[in-house]
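Everything on this sheet refers to the single structure shown next.
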Amino acid sequence: MRCMTLAAQLKQSASGSIFFASRELPSYLQLALSSAKIHYIELDSNIGMSSTEDETVNNEWLPVSQSRDALDTSYALKDIDVDWIIIDHYGLDENWEKSVRKITKHIFVIDDLANRPHDCDYLLDQNFYFESDKRYKELVPTHCTLLLGPKYALIRPQFAIQRKSITPKNGDFSGIFVFFGGVDSEDYTSKTITALSQLTLQGIKVDVVVGSGNPHKNRVAALCRDYSYIYHEQIDNIEELMGSASIGIGAGGSATWERCCLGLPTIVICIADNQRELIAYGASKGIFLCPEINSYDSDIKLHISALIKNPNLCIALSENSMNLVDGKGVSRVARLIDTTKLAVRLATTADSQSIFNWRNDESIRSVSKNKSLISFDDHEKWFLKVISSDSKSLLVCHDANVPVGIVRFDIESETAEVSIYRVPGALTQGKGQHILKCAEEWLRVNQPHITTINAHVLPGNESSVDLFSNSGYKLDYFSYQKSIDNI
């Protein structure tokens, strides 16, 4: 579902087609892809090339060997010009990724286990961990960009929209929202309904949500009828139910960040080992409650009663969770992926007049050290000196052959000082970070001896502060600094 969310955002913001490749995808998920007008490719081991390796399959997530799967994937995509392969699969690692390198320009991995090495250009772990930046340190290449934490949570844009109409909970108690994911194979939904039925909840609305793939949905529906709870199956307005509830009960999967975005105080139940660390850390930071389950009925009743009797606890959980997740993660990730349309080149003499005009624009002069108008003679002397210098690199960034940004690196020994501005009048809203990223990548490839990039920001230039802070630069007194290893 998080990949569906990302795909939907990319369909809006990026050009090109989107394909899902999978092995034996359930029919209800194929229908979801079809409804979203997204292409589906089913991998078939009976066609295409054969693996030369007699590899033993020892992988609970994958029914074939990684080499077999990589060959099947390459064959399935042989007629497609692939810019990105986005991998969300616990059974694949650097061996699979190295095999498909030749058919794609970029590899993007979604993970949260941090238990195996990857050969990727970007890695996203949207979860909330102690010292999360250290978890992948030895598992990805030095050039890999890490997107870590709920800032990048892949939740549907509808949650950010719903968030605008709500405020943190005030402790009033009017409704309970129950959701344990689309499948809930262990039927925690029914267990929760049974526990709630033992509480006096007169006048309290209880919304219970299941996915169409839930194997226990008939039992859940029957229990809801018995206790006059409201049953919902595969709905498309789940954010409205979350937003109107007072308390949530659910698992520690992706829905965790949806509930946080809407400030819903939640009792989170660990239903899988890979959720345990995340849930424990989130609970320690006051994001949600995480009971140690001994007796399900009594523990759920105890924690529901604690929330009802302690409105200040509900308020704190609601505020903490909303501060953690703003709901804009999927748009951040989609914008980053969309940077593949940007191209960087060295400036030439043909660019002199344009750069002169842009540099004298009021919007650029207002944030420059020298705010005065510059004469063309002075500009031309500076420009020719810069483009002929071995210690300076003046770059022009293009989007579909349209100039959108200018970046200059002043190089001294192993350090480069960067200056950047967006071309006035160009459609560059939200592209500043992409322009900087592309220029950094150019520097990494063309000046491999550089170890550090510095950026000096004038006081009051908040947009530049945000740009460098969000691009991995660390504040060092009045300048920002980034290790080249983090590019």
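Residue numbering for the sequence shown is 383 to 869, as defined by our numbering.
Where a beta carbon is used, it is the ideal one built from N, C-alpha and C, also for glycine.
(1) Could you pull out every residue in the same chain whose Cβ sits closer than 8 angstroms to the Cβ of CYS779, ignoring the five residues on either side in sequence?
(2) Apart from the five residues on each side of it in sequence, which residues of its chain come closer than 6 angstroms, Cβ to Cβ, to ASN441?
(3) List the DSSP bridge partners of THR486.
(4) Secondary structure at LYS546, three-state DSSP: helix, strand or coil?
(5) Rounded to whole angstroms, what's the CA-CA distance from HIS685 to GLY854? Just pull it up for me.
(6) How should GLU640 be labelled, buried or exposed, when 16 other C-beta atoms within 10 angstroms of its C-beta is the threshold for buried?
(7) Could you say if the region 517 to 526 and the region 675 to 689 meet the contact criterion of at least three C-beta pairs nearer than 8 angstroms?
(8) Look at the alpha carbon of MET431 and the alpha carbon of LEU453, and state the distance between them as a whole number of angstroms.
(9) Determine contact between the region 692 to 700 and the region 732 to 743, defined as no fewer than three beta-carbon pairs at a distance below 8 angstroms.
(10) Who are the near neighbours of LEU415 in its chain, counting only those whose CB is closer than 7 angstroms to its CB and skipping five residues on each side?
(11) When the distance is taken between beta carbons, is LEU388 closer than 8 angstroms to LEU536?
(12) Where in the region 569 to 599 do unbroken runs of the alpha helix (DSSP H), each at least 4 residues long, occur, reported from the N-terminal end onward?
(13) How would you call GLN394, buried or exposed, if buried means at least 16 neighbouring beta carbons within 10 angstroms?
(14) Could you tell me which whole alpha helix (DSSP H) segments of length 4 or greater appear in the region 713 to 796?
(15) Whether or not the region 614 to 630 and the region 555 to 567 are in contact is what I'm after, with contact meaning three or more pairs of Cβ atoms, one per stretch, closer than 8 angstroms; do they touch?
(16) Which whole-angstrom value is the C-beta distance of SER713 and PRO539, which I expect to be below 8 angstroms?
(17) I believe LEU840 touches LYS751 by the beta-carbon criterion, under 8 angstroms. Please report the beta-carbon distance rounded to the nearest angstrom.
(18) Got a sec, what are the start and stop residues for the beta strand (DSSP E) SER567 sits in?
(19) Considering only the alpha carbon of each residue, which of GLU621, CYS385, SER846, SER687 lies closest to ILE420?
(20) Please determine if the region 478 to 496 and the region 445 to 452 are in contact, where contact requires at least 3 C-beta pairs separated by less than 8 angstroms.
(21) May I ask you to verify whether the region 576 to 593 touches the region 663 to 672, counting CB pairs closer than 8 angstroms and requiring at least 3?
(22) Just to confirm before moving on: does the CB-CB distance between VAL591 and VAL565 stay below 8 angstroms?
(23) Output the distance between the C-alpha atoms of LEU505 and ALA604, rounded to the nearest integer angstrom.
(24) Start and end of the alpha helix (DSSP H) containing SER666?
(25) What does the alpha-carbon distance come out to for the pair MET383 and ASP475?
(26) Identify which residue in HIS831, LEU849, GLU823 has its Cα closest to the Cα of CYS526.
(27) What span of residues does the beta strand (DSSP E) with LYS856 cover, start to end?
(28) Please tell me whether GLY563 and GLY593 are closer than 8 angstroms, where the distance is taken between their beta carbons.
(29) In three-state terms, what does DSSP make of THR833?
(30) If you check the beta carbons only, do ILE653 and GLU513 fall under 8 angstroms apart?
Reading off the structure:
(1) Here residue 779 is taken as the residue at index 397 of the sequence shown, counted from 1. Same-chain partners within the cutoff: LEU724, ALA725, VAL726, PRO785, VAL786, GLY787, ILE788, VAL789, ILE817, CYS820, ALA821.
(2) Position 59 of the sequence shown, counting from 1, holds the residue named residue 441. Closer than 6 angstroms at Cβ, skipping near neighbours: GLY473.
(3) As a working mapping, residue 486 is identified with position 104 in the sequence shown. Partner(s): VAL464.
(4) On the sequence shown, position 164 is the one that residue 546 refers to. If DSSP states are grouped into helix, strand and coil, LYS546 belongs with coil.
(5) Locating residue 685 in the sequence shown gives position 303, where the first residue counts as 1. Locating residue 854 in the sequence shown gives position 472, where the first residue counts as 1. Roughly 40 angstroms between the two C-alpha positions.
(6) Locating residue 640 in the sequence shown gives position 258, counting from the first residue. Around the beta carbon of GLU640, a 10 Å sphere encloses 16 or more other beta carbons of the protein chains shown; the residue is thus reported as buried.
(7) Too few Cβ pairs lie closer than 8 angstroms, so no.
(8) Counting from 1 along the sequence shown, the entry for residue 431 is found at position 49. Counting from 1 along the sequence shown, the entry for residue 453 is found at position 71. Any reading at MET431 is ruled out, since the residue's pLDDT is 46, under 50, leaving its predicted position unreliable.
(9) no
(10) As a first step, residue 415 is located in the sequence shown; it is residue number 33 there, counting from the start. Excluding sequence neighbours, LEU415 sits near PHE402, TYR422.
(11) Taking the first residue of the sequence shown as position 1, residue 536 is located at position 154. Taking the first residue of the sequence shown as position 1, residue 388 is located at position 6. Yes.
(12) 570 to 578
(13) Against the sequence shown, residue 394 aligns to sequence position 12. Flag for GLN394 reads exposed.
(14) 734 to 741, 744 to 747, 758 to 769
(15) yes
(16) The residue labelled residue 713 in the question sits at position 331 within the sequence shown. The residue labelled residue 539 in the question sits at position 157 within the sequence shown. Their Cβ separation, rounded to whole angstroms, is 7 angstroms, which keeps SER713 and PRO539 in contact under 8 angstroms.
(17) To locate residue 840, count along the sequence shown from 1; it is residue 458. To locate residue 751, count along the sequence shown from 1; it is residue 369. At roughly 7 angstroms, the Cβ-Cβ gap stays under 8 angstroms, so LEU840 and LYS751 are in contact.
(18) Indexing the sequence shown from 1 puts residue 567 at position 185. Segment: none, SER567 is in no beta strand (DSSP E) and carries neither H nor E.
(19) Mapped onto the sequence shown, residue 420 falls at position 38. Nearest of GLU621, CYS385, SER846, SER687 to ILE420, Cα basis: CYS385.
(20) yes
(21) no
(22) Within the sequence shown, residue 591 is the residue found at index 209, counting from 1. Within the sequence shown, residue 565 is the residue found at index 183, counting from 1. No, these two residues do not count as a Cβ contact at 8 angstroms.
(23) What you label residue 505 is simply residue 123 of the sequence shown in a count that begins at 1. What you label residue 604 is simply residue 222 of the sequence shown in a count that begins at 1. Answer to the nearest angstrom: the Cα atoms are 42 angstroms apart.
(24) The sequence position of residue 666 within the sequence shown is 284, counting from 1. From DSSP, the alpha helix (DSSP H) with SER666 extends over 658 to 666.
(25) Along the sequence shown, read from residue 1 onward, the residue named residue 383 stands at position 1. Along the sequence shown, read from residue 1 onward, the residue named residue 475 stands at position 93. Their Cα atoms are separated by approximately 21 angstroms.
(26) Taking the first residue of the sequence shown as position 1, residue 526 is located at position 144. Minimum Cα distance to CYS526 is reached at GLU823.
(27) Walking along the sequence shown from the start, residue 856 turns up at place 474. That run of the beta strand (DSSP E) goes 856 to 858.
(28) For the purposes of this step, residue 563 is identified with residue 181 of the sequence shown, where counting begins at 1. For the purposes of this step, residue 593 is identified with residue 211 of the sequence shown, where counting begins at 1. It is a contact, given that the beta carbons lie within the stated cut-off.
(29) Residue numbering aside, residue 833 sits at position 451 when the sequence shown is read from its first letter. In this structure, THR833 counts as coil in the three-state DSSP scheme.
(30) Indexing the sequence shown from 1 puts residue 653 at position 271. Indexing the sequence shown from 1 puts residue 513 at position 131. Contact check for ILE653 against GLU513 fails: the beta carbons are separated by 8 angstroms or more.
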